[in-house]
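What follows is one structure encoded as structure tokens, with my remarks underneath.
Residue numbers (the working numbering): 41 to 287.
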């Protein structure tokens with residue numbers, strides 16, 4: 041890998057400081073891929089300019105990179121480009137204890153979802169140990185980090201041994217599959233509510249047949265026939281409204 045010498049790094053840092061001092065808004069300017077200077081620094085692992093950019097404009101770290109349907113934070117970028125040091129500095133110095141670590145990309149993935157999908161063991165360990173990440177958060181596909189791990193095991197896409205180590209980390213933090221996070225009491229309550237609604241509808245229908253609300257029409261007039269229930273249409277509408285309001 042190409043390495044910059046200390047003098048070159050110093051010049052880059054000096055140039056960054058000079059540019060951002062002129063206008064701090066420059067930290068928010070996006071390129072054609074929707075990335076601001078901090079995003080680009082994260083992609084390339086330029087840790088030496090991280091402090092300069094954030095001191096100039098802290099909002100740059102919370103800006104999303106948005107481009108052609110993609111939407112991700114700087115934390116997601118660090119995972120995708122495997123920039124562990126950059127990520128660690130952000131988590132420990134700028135986002136420590138903050139909810140921002142649970143931000144989602146356009147597919148609903150948190151950084152834990154991405155780290156597990158890419159088998160980034162070191163990153164997973166750091167995120168679970170040093171942040172308030174929601175281990176059972178679900179993405180748009182209703183998958184938790186554990187779901188993604190187990191799916192990778194079934195497909196055989198994960199190196200032998202690594203998946204077991206990751207699984208141990210997740211289980212230690214009480215990570216679960218999505219289906220195991222569903223509270224069975226909520227399902228029972230909903231089932232009971234449906235039964236009550238069905239019984240109520242049946243009772244109303246039976247009562248309407250025995251004693252039609254409003255009686256029956258006594259003659260043929262206004263489009264009604266003699267003996268027809270006067271409020272049958274109103275009753276049907278009422279039952280429909282009741283069901284819609286309940287569910």
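Built from N, CA and C at the ideal position, the CB exists for glycine as well.
Given a cut-off of 9 Å, decide if residue j and residue i are closer than it, judged by their beta-carbon atoms.
i	j	result
residue 76	residue 105	yes
residue 129	residue 189	no
residue 131	residue 115	yes
residue 117	residue 142	no
residue 81	residue 126	yes
residue 110	residue 88	no
residue 25	residue 74	Examination of residue 25 is not possible in this model, given that the chain is present from 41 through 287 alone.
So which of the options has the shortest CA-CA distance to residue i?
i	options	result
residue 108	78, 71, 87 and 120	71
residue 151	134, 222 and 179	179
residue 176	201, 156 and 163	156
residue 161	141, 195, 66 and 123	123
residue 119	234, 237 and 79	79
residue 209	163, 243 and 235	163
residue 66	86, 83, 88 and 103	103
residue 218	183, 165, 243 and 195	183
residue 171	211, 138 and 64	138
State buried or exposed for residue i, treating a residue as buried only when at least 16 other CB atoms are found within 10 Å of its CB.
i	result
residue 32	Lying before the first or after the last residue shown, residue 32 is absent from the chain, which here runs from 41 to 287.
residue 99	exposed
residue 181	exposed
residue 222	exposed
residue 220	exposed
residue 202	exposed
residue 167	buried
residue 243	exposed
So if DSSP puts residue i in a beta bridge, which residue, or which two residues, is it bridged to?
i	result
residue 214	Per DSSP, none; premise fails for residue 214.
residue 105	112
Taking only the alpha-carbon atoms, compute the straight-line gap between residue i and residue j and give it to the nearest angstrom.
i	j	result
residue 136	residue 191	31 Å
residue 62	residue 169	Confidence is the limiting factor: at residue 62 the pLDDT is only 44, short of 50, which leaves the residue's position unreliable, though a coordinate-based value still follows. In a straight line, the C-alpha of residue 62 is about 39 Å away from that of residue 169.
residue 96	residue 213	37 Å
residue 240	residue 215	41 Å
residue 68	residue 234	52 Å
residue 205	residue 236	48 Å
residue 207	residue 159	11 Å
residue 133	residue 165	18 Å
residue 187	residue 140	23 Å
residue 211	residue 193	16 Å
residue 30	residue 144	Absent from the structure is residue 30, since the part of the chain shown begins at 41 and ends at 287.
residue 101	residue 238	53 Å
residue 64	residue 195	47 Å
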